[in-house]
Amino acid sequence: MAKTDKPTDQPSDTKKSDRPKARLPRGLADRTGAELSATRAMLEKIRGVYELYGFEALETPAFEYTDALGKFLPDQDRPNEGVFSFQDDDEQWLSLRYDLTAPLARYVAENFDKLPKPYRSWRAGYVYRNEKPGPGRFRQFMQFDADTVGAPSVAADAEICMMAADTLEAVGIPRGSYVVRVNNRKVLDGVLEAIGLGGDENFGRRLTVLRAIDKFDKFGAEGVALLLGPGRKDESGDFTKGAGLNDREIATVLSFTSHNSTSGAAPLLDWKRLISTSEIGTEGIDELLQIEELIQAAGYSDRVKIDPSVVRGLEYYTGPVYEAELTFEITDEDGRPVRFGSVAGGGRYDGLVARFRGEKVPATGFSIGVSRLLAALAALGKLDADAEIGPVVVLAMDKEPARIADYMKMVADLRANGIRAEMYLGGAGMKAQMKYADRRGAPAVVIQGSNEKAAGEVQIKDLVEGARIAASIADNAEYRAARPAQLAVPETEMVAAIRAILERRAQGTLGLAD
RNA sequence: GCAGGUGUAGCUCAGUUGGUUAGAGCGCCGGUCUGUGGAACCGGAGGUCGGUGGUUCGAGCCCACCCACCUGUACCA
Numbered sequence: 001m002a003k004t005d006k007p008t009d010q011p012s013d014t015k016k017s018d019r020p021k022a023r024l025p026r027g028l029a030d031r032t033g034a035e036l037s038a039t040r041a042m043l044e045k046i047r048g049v050y051e052l053y054g055f056e057a058l059e060t061p062a063f064e065y066t067d068a069l070g071k072f073l074p075d076q077d078r079p080n081e082g083v084f085s086f087q088d089d090d091e092q093w094l095s096l097r098y099d100l101t102a103p104l105a106r107y108v109a110e111n112f113d114k115l116p117k118p119y120r121s122w123r124a125g126y127v128y129r130n131e132k133p134g135p136g137r138f139r140q141f142m143q144f145d146a147d148t149v150g151a152p153s154v155a156a157d158a159e160i161c162m163m164a165a166d167t168l169e170a171v172g173i174p175r176g177s178y179v180v181r182v183n184n185r186k187v188l189d190g191v192l193e194a195i196g197l198g199g200d201e202n203f204g205r206r207l208t209v210l211r212a213i214d215k216f217d218k219f220g221a222e223g224v225a226l227l228l229g230p231g232r233k234d235e236s237g238d239f240t241k242g243a244g245l246n247d248r249e250i251a252t253v254l255s256f257t258s259h260n261s262t263s264g265a266a267p268l269l270d271w272k273r274l275i276s277t278s279e280i281g282t283e284g285i286d287e288l289l290q291i292e293e294l295i296q297a298a299g300y301s302d303r304v305k306i307d308p309s310v311v312r313g314l315e316y317y318t319g320p321v322y323e324a325e326l327t328f329e330i331t332d333e334d335g336r337p338v339r340f341g342s343v344a345g346g347g348r349y350d351g352l353v354a355r356f357r358g359e360k361v362p363a364t365g366f367s368i369g370v371s372r373l374l375a376a377l378a379a380l381g382k383l384d385a386d387a388e389i390g391p392v393v394v395l396a397m398d399k400e401p402a403r404i405a406d407y408m409k410m411v412a413d414l415r416a417n418g419i420r421a422e423m424y425l426g427g428a429g430m431k432a433q434m435k436y437a438d439r440r441g442a443p444a445v446v447i448q449g450s451n452e453k454a455a456g457e458v459q460i461k462d463l464v465e466g467a468r469i470a471a472s473i474a475d476n477a478e479y480r481a482a483r484p485a486q487l488a489v490p491e492t493e494m495v496a497a498i499r500a501i502l503e504r505r506a507q508g509t510l511g512l513a514d
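When the count follows the UniProt record's numbering, it moves up by one through the first sequence with no breaks and lands on 514 for the last residue.
Encoded structure:
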C-alpha cells in the first residue's frame, strides 16, 4: 500500500467502524490442506469397510422440512433452539439436519415401495446442531452412518457392532485401544420396572435415572449414586437435582450398571434372574444373549462387549444400543489426561420410519463422529500427515513482459511433465519470493535473472537441502554467498533437474523419521 | 440454561493513586540486495483498550448493564 501522510487517503470508502470484522462464527471451523486430505483418506477407509459389508451409498440434502426431521419443531419465540431453522417462501419451516438418521427415515418412507427390504445404506456428511460449542464440539460436524432398515433380527445389530470394530481398525485404531460396548434399552426398562418406575406417570424420573446411568464413566459409582439419590454438586458449586431414589433402589440400579464390560453368557444369566419379574427386561436379556452368541461365533468377543451402563439417545432407541469407545489416554500440552471417549454409537430405532408410515419398520444403525475420530487419530500419531509438497516456484526476477513470458513458458514445461509448478505472481522482490516459496512448501525454485538468461541457463535451488545446509551457516554474508543446494543448468535441462530433486525428496521423506 | 473465571495489536503481555498522542517482544508486510528462505539492519501496516451507559475537568483504570471467550455443569436427537 502507498505511504500516506493523511488519513483521507484511505483506499476504502467505508469508515473503519463500518467495515465488517473478518471472523468465523463460533462453533465452526475452517479446514485446510493436511487436515482435509487426512479426512478424505479416513472417509475412504470407512467407506471401504461399509461397502464390504454390503451397504450402498445414499446422499440426502443438508436440510429438510422440519416436521420430517422429528420432534424438534421450532416455535415462534425460539425457532432455532437446538436446530437451525428458517422459513421457505410458502412459510413452511425447514431445518438443517442434526443427524443422518432422520433424513434416512424420511427417504425410506418416501421410497418404500422401490427399495429392497432390508434396505442397507451408508451416508456421510455434515450435520448441524445449534448448541453451545466446546473443545471438540462444533455446530457443524461430520457423521458417517450405516443403517439396516427392515430387519427385525438382532443379527442386524450384532453385524453393525462387528462392522464398527472393523472400521475402527481400518482407520488405524489398534485392537485393544477401543471397545464396542453393547446394551439393550429393554434391560434398562426392566431395571426401572423393578424399582417401581414403570408407567407413564414416572416418565420424567425414568429419564433422570437413565441420564444418571449415562454419566458412569464421567463421575463413577459415587457420582451416579448421588445423581440417582439427592443430587450432586459440581466443582463450581452448581447443584444438579437427583432422581430421589432410596438407598435400596440405588443399589439395585448400581448392581446392574456398575459392572464393567463383560463377555460370556454367565453375567447375563445373573442379571436375568435379578429382573425376572419384568417381561421387557427378560426379553432384553434374551436379545443380548443372542447378540453375545453371534459375536462369539464370529470371533469378536475381545472387541465387542456387553455393558449395562450404555444408555444413548433417550427417547429414540427401542432395543439394542451400542457405543464405540477409545480406551487409550493421551495427555494434552498441560499434562492433563484427555479421554476421547465415545467416537461412534447407534442402536435400534423401530419407531422412526413408523412416524411416516404408521406401520412399524424395524431398523438399526450406527454413526461415526468423523471429526472426533480424526482428532483421536491425530493424537495417536496415525494420521498420514506428511506435509504437502508445494509447487515448484519459478521466481519472477525481471518484470518486463518478454521475461514474464519466459517464466510462464518454464512453468508450462514443468506442468506438461506432470510437475506442480507456478510462477510467482506477486509484486515483491527476490527475498520475498524466496519466503513465499518456503511458505508454500515448494521443493525447489527456478531462478533466471538477466545473467542466467544471457548464458541460456537457469539456477535451480533445492529448498529442502538448502535449509539443511543453511542451518550450519551462522554468518549472513557467508550464507548468501554460499548459495547452498543450488546449481546452474542449461535451460533445456531444467525439467530433468527438477525431477531429480523431486525424486530425491520422495525417497528422503521415508528416511526422515529419525 | 446454571455456576465460577477472563476480556489492552494476529499472539504473549506491560500500562503508575484516574492525567497529554496507549507501549514492548514475537509475528506479519516491504526494503537494504543481480538478487537467495533462517540471522542482522532499516522502514511499514495493525488498537474506537470487548460493547453501551454512568461518575469525573479528565476513564484502558471507578460503577452498572450487556456481549464474547474459558472451565465446570445441564441438555445432547
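C-beta: ideal position from N, C-alpha, C; glycine also.
Beyond the five residues adjoining it in sequence on each side, L463 comes within less than 8 Å, by CB distance, of A437, D438, A442, P443, A444, V445 and A485 in the same chain, given in chain order. Between the C-alpha atoms of A405 and I501 there is a straight-line separation of about 25 Å. In this model, P320 and A38 are separated by some 32 Å (Cα to Cα). Taking C-beta atoms under 8 Å as the contact rule, V392 and L414 qualify, at a distance of about 6 Å. Beyond the five residues adjoining it in sequence on each side, A170 comes within less than 8 Å, by CB distance, of K45, I46, G48 and V49 in the same chain, given in chain order. Between the beta-carbon of R106 and that of L58 there is about 11 Å, and that puts the pair past the 8 Å contact cut.
The continuous beta strand (DSSP E) containing V182 extends over residues Y178 to N184.
Of all C-beta pairs linking the stretch 123–133 to the stretch 94–106, three or more are shorter than 8 Å, placing the two stretches in contact. In summary, E323 is buried, with 16 or more beta-carbon neighbours lying within 10 Å of its beta-carbon over all protein chains present. Straight-line measurement puts the Cα of G381 at about 34 Å from the Cα of A497.
According to DSSP, N451 shares a beta bridge with no other residue. For S236, there is no enclosing beta strand (DSSP E), since its DSSP letter is neither H nor E. In this structure, G223 lies near K215, with their beta-carbon atoms less than 8 Å apart. Secondary structure of D145 (DSSP, three-state): strand.
Positions of the alpha helix (DSSP H) runs, each at least 4 residues long and wholly inside the stretch 17–104, are given as 33–52 and 66–69 in order along the chain.
Secondary structure note for A151: it is in no alpha helix (DSSP H), with a DSSP letter that is neither H nor E. Taking a contact to require three or more Cβ pairs closer than 8 Å, the stretch 246–265 and the stretch 301–321 qualify as touching.
For the pair Q87 and Y65, the CB atoms are not nearer than the 8 Å cut-off.
For L69, the closest alpha carbon among the candidates A151, L288 and Y316 is that of Y316. Contact check for L288 and L274: beta-carbon distance about 14 Å, past the 8 Å limit, so the pair fails to qualify. Contact between Q143 and L192 does not hold, since the beta-carbon distance rounds to 30 Å and is not under 8 Å. A straight line joining the alpha-carbon of R175 with that of L245 spans about 39 Å.
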